[in-house]
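Per the working numbering, the very first residue in the sequence shown carries number 291; after that it's consecutive. Reviewing the structure listed below.
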Amino acid sequence: MTTSSPQPGARIVDVGHYQPPRAVSNDEIARMVDTNDEWIRQRVGIASRRFADTESVADT
Numbered sequence: 291m292t293t294s295s296p297q298p299g300a301r302i303v304d305v306g307h308y309q310p311p312r313a314v315s316n317d318e319i320a321r322m323v324d325t326n327d328e329w330i331r332q333r334v335g336i337a338s339r340r341f342a343d344t345e346s347v348a349d350t
């Protein structure tokens, strides 16, 4: 049995996931810019998204 030395380079050792609690609808976005829910859904396909308030990656 032979032991080979480790290959140089980068590797992924772990992954993570976090969803901020604040859900933002297209209607809320439409109030900020000149658009509407139907326009966003038709062109982008997004119904809602999550916004981070004051949390950071260090909080998770």
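Even for Gly, the Cβ is constructed at its ideal location relative to N, Cα and C.
Burial state of residue i (16 or more Cβ within 10 Å)
{"i": "I330", "result": "buried"}
Residue i, enclosing alpha helix (DSSP H) - first and last residue
{"i": "R312", "result": "No alpha helix (DSSP H) holds R312; the beta strand (DSSP E) holding it covers R312 to S315."}
Residue i in three-state terms, based on DSSP
{"i": "R331", "result": "helix"}
{"i": "R301", "result": "coil"}
Counterpart residues of residue i in DSSP-defined beta bridges
{"i": "R339", "result": "V314"}
- Task: Decide yes or no for the touch test of the region 293 to 300 against the region 311 to 328: beta carbon pairs closer than 8 Å, at least 3 of them.
- Result: no
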